[in-house]
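Numbering (this note's numbering), first residue to last: 186 to 325.
The structure under discussion appears below in the form of structure tokens.
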């Protein structure tokens with residue numbers, strides 16, 4: 186999968202975990218980059234991270250792009266079900282579709298207020314904003 190898609194899937198896993206459980210699954214912050222939310226920790230952990238559209242390879246030996254906190258923690262059955270559900274639903278979308286989706290949602294748009302479409306932006310999308318927005322999307 187592309188680095189961009191990985192970033193968006195991690196973002197949606199985090200967002201939905203916040204919505205359902207009122208707490209983050211991982212401690213990473215997501216910044217409102219041009220192509221959508223990005224975890225700088227994950228971005229920096231990928232060897233050739235210069236292009237978000239490049240493919241990334243996953244390894245389960247601790248050297249892959251997933252946050253250590255996600256790999257090392259024991260997840261409850263409910264948390265695992267949520268992760269699988271998010272990956273199943275959002276994983277069907279292409280990188281560009283996921284980018285477009287994040288661009289249409291208020292957490293990313295709010296963090297980018299005052300920035301032009303192509304402006305570099307490293308404003309953190311607050312976890313509380315993510316939780317409130319996605320909780321509203323889930324529960325109405």
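Glycine residues also receive a C-beta, built at the ideal position from the N, C-alpha and C atoms.
Residue 268 and residue 202 have their alpha carbons spaced roughly 8 angstroms apart. Of the candidates 270, 188, 196, 196 places its Cα closest to the Cα of residue 209. Relative to the Cα of residue 306, the nearest Cα in the group 312, 295, 315 belongs to 295. In the three-state reduction of the DSSP assignment, residue 222 falls in the strand class, which pools E and B.
Note that the C-beta distance between residue 316 and residue 200 is below 9 angstroms. Secondary structure at residue 212: coil, using DSSP grouped into helix, strand and coil. Take residue 207, set aside five residues on each side of it, and the residues of its chain with a beta-carbon closer than 7 angstroms to its own are 316, in chain order. DSSP places residue 217 in the strand class (E or B) of the three-state scheme. Take the alpha-carbon of residue 318 and the one of residue 291: they are about 7 angstroms apart.
For residue 323, the uninterrupted alpha helix (DSSP H) segment begins and ends at 312-324.
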